[in-house]
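Last residue of the sequence shown: 272 (full-length UniProt numbering), numbering continuous.
Have a look at the structure below, then the notes.
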Amino acid sequence: MWRRLTVQRYRTPYTERNAPGLEGALDIEMEVVSDYLHVGSGVYDVEILRPLDDIDKLVESALQGTVPDVSGYFSPATHEMNKYLGKVVIPGSTIKGLVRTRLELSIRESCYVVSRNSNTVSNTYKKIFRNPKPKYSDRFPERVCPVCDLLGNSGLASRVSFTDLVMAQGKTDFVNVNGQYYESAIKGSKFGGKVVYRSLKPVDLGMLLYGLGFRLKGNKLEGKVMLMGRFKFSDRRFGRVRFSLPAAKVEFVNALNEFMKKFNPFDYNEEW
Ligand SMILES: [Zn+2]
């Protein structure tokens, strides 16, 4: 899996992008460790439960000044998860976003692109991530922050791509939250996917592993509990996942070690 090759790059800030680097695909697994996980598809359905002629009566009573009770006419909204070829998937962009926010919060030199623009800051979020206020060091193109250098930004290609995670084991249930139904992967469900990377130094690979929640336990890697998806800060039944590597290698341990030494990153306990 470990090969060396030269990848041509248009810009060469921070990291020497033309330098030979590690290229490969990391197999990752993700297990749902809370009761449920809902990552929305943005699609939701409402069924009409009664024939349309009843709608005329509704309109009539509305015109007479009575606010109609429409609850019997429509099913509760159902929010689905993404599907691909009939299987439940978590978009790769969701995984990338998760990695990016964690790295931006953990690395002092980060420019903090994503988290800074977040306008959904809950008290639980604040409690967990107690904002360390990293410096805004991004002055592209003279110098690019280590996170943008790995994951890209608007003017810079990412050296890492995330495939969708496909459900390999488990099932979904529709869970009622405030009268609406959320399709959710249940506890123990497992998803699999790949992280494809190129032109990485070992320390970059270590950063990627750290962003996925891997920590050193002795000379092994262990995934920590991370928050993902809907309701992760508001409903304890939702949103806890843990990544693992089906084919862990000693190189990964060395890479994470190197990253820890170079960046001395912040860590957060996402259990609440
Ligand atoms: Zn950045």
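Glycine is no exception: its CB is placed at the ideal position from the N, C-alpha and C atoms.
In its chain, beyond the 5 residues on either side, Phe238, Gly239 have a beta carbon closer than 7 Å to the beta carbon of lysine 232. Relative to ligand 1, the beta carbon of serine 110 is positioned inside 7 Å of a heavy atom.
Tyrosine 268 carries a coil assignment under DSSP once its states are collapsed to helix, strand and coil. Distance from serine 34 to asparagine 82 at the Cβ level is roughly 19 Å; contact not present, criterion being Cβ atoms closer than 8 Å. Beta-bridge annotation (DSSP): arginine 215 is paired with Glu222. Along the length of the stretch 136-195, whole beta strand (DSSP E) runs at least 3 residues long occupy 160-162, 165-169, 172-177, 180-186, reported in chain order.
Beta-bridge analysis with DSSP links valine 32 to Val241. If you draw a 10 Å sphere on the C-beta of glycine 188, you find fewer than 16 other C-beta atoms in it, and that means exposed. Look at the beta carbons and you see the stretch 245-259 touching the stretch 205-219: at least three pairs across the two are nearer than 8 Å. In this structure, the C-beta of asparagine 153 approaches ligand 1 to less than 7 Å from one of its heavy atoms.
Scanning its chain for C-beta atoms nearer than 6 Å, with the 5 sequence neighbours on each side dropped, one finds no residue around lysine 127.
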